[in-house]
Amino acid sequence: MRVSRLGLTDFRNYEHLEVEFSPGINVLVGPNGQGKTNVVEAVAYLATFSSHRVANDTALVRAGSERAVIRSVIEHEQRSIGLDVQINPGRANRLQVNRSPVKRVKDALGIVRAVMFAPEDLSLVKGDPASRRRFLDHLLVQLNPRYAGVLGDYEKTLKQRNSLLRSAAKASTPGERDSLRSTLDVWDERLVEFGADIMAGRVDVLTRISDPVAQAYASVAAVRNDVVLTYAPSRLEPATTREQFDVALRDALQQVRAEEFARAVTVVGPHRDEVEVNLNGLPARGYASHGESWSLALALRLAGYEVLRDVGAGEPVLILDDVFAELDQQRRSRLAHFAAQAPGQVMITAAVSGDVPDQVRGVRFSVDNATVSPQ
């Protein structure tokens, strides 16, 4: 699978762009702030219909415009597939496959599969839990597209439940409070339904990537340290299956009911969970060196790439966004070797050509002031 053509309209800093990519390695070179990352962000967006950089789509639309459009042609198993998305902040996005409308996001997921490694991925190790949850969820959606709907349903339920808790906190009479608490029971069931499903899905993803992460770390860092990933639900009894999470989450909601009314916010659920990354028995977030943290972050992304290779048809796109300049010589060399040997399409961005190791050869593009042209 590869992205052969990409078109952008009012996406980030691009008023209009049309570019054709090589099936192998593509290197986009240009000064910072000219639009390199925006191009590969658009490619990655087609894999999950969400951005790795921002939590909502508003920032994806060029200033002064109401919407953005990504158009693409995907070559897959000797077929050409047109995949287009109109990004409408505050409203539902519109998807088309071969110019036919697609009503459900999950029906367009899987056409493009991609893994993107960028400088901000250091937050996968050093950042807050939200970064690690988002990493798992992006993989989860690509491995099992139905989770796009589950995650969306959970967010809607969480928003409604929090609104109800705020209303309960402001209720002026006992009767009003009792009515709101009765309504909360209904939303509890929905929160458990979607939340337990997400938790079990995340555990499955962690199980799949655990060995590949350890192998990738050994390859990148050239040492065999003990890397352990653990899913750590907030305030829940230990669980691994959908059924166990269902029971644990339902019990936890009952235990924290008084606290939630006092704080007017939902305090348990997958939106509060942690993904622990331990190196040699210690939390990497607090104890890993800068170099070890880079190796771990890179290992997480490369493991995701390998897991995606094992499912579905076609190789995923490997995207390396301005990362070679961030790595020491050893890690640069090992990552360059991996990219050069990747069986599928690769996209690399760099501020200057010298940032890209010589062993990474391919078609090069110049990016300047929101224009992309072959060198």
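Numbering (the numbering used here), first residue to last: 58 to 432.
Backbone N, C-alpha and C define an ideal beta-carbon position, used for all residues, glycine too.
Check: Cβ-Cβ distance between A104 and A171 below 7 Å; Outcome: yes
Check: Continuous beta strand (DSSP E) stretch holding D141: start and end; Outcome: 136-144
Check: Distance CB(K163)-CB(G206) smaller than 7 Å; Outcome: yes
Check: Residue environment, Q91, which counts as buried when at least 16 other CB atoms sit within 10 Å; Outcome: buried
Check: Cα-Cα separation, R69 to R234; Outcome: 46 Å
Check: Pairwise C-alpha distance: G361 and R421; Outcome: 26 Å
Check: L355 to E250 span [Cα, whole Å]; Outcome: 33 Å
Check: Reference V182, options E363, G348, S430, R389, closest by Cα; Outcome: G348
Check: Inter-residue Cα distance where the pair is S423 and V313; Outcome: 55 Å
Check: Residues bridged to T66 (per DSSP); Outcome: H73, V126
Check: Any 3 or more C-beta pairs closer than 8 Å across the region 290-300 and the region 141-154; Outcome: no
Check: Integer-rounded CB distance, given that F78 should sit under 8 Å from L63; Outcome: 7 Å
Check: Integer Cβ distance of V100 from M404, believed to fall under 8 Å; Outcome: 6 Å
Check: Residue from L377, V285, P327, A315 with nearest C-alpha to R259; Outcome: P327
Check: V262 to L286 span [Cα, whole Å]; Outcome: 11 Å
Check: Alpha-carbon spacing of A273 relative to P400, whole angstroms; Outcome: 17 Å
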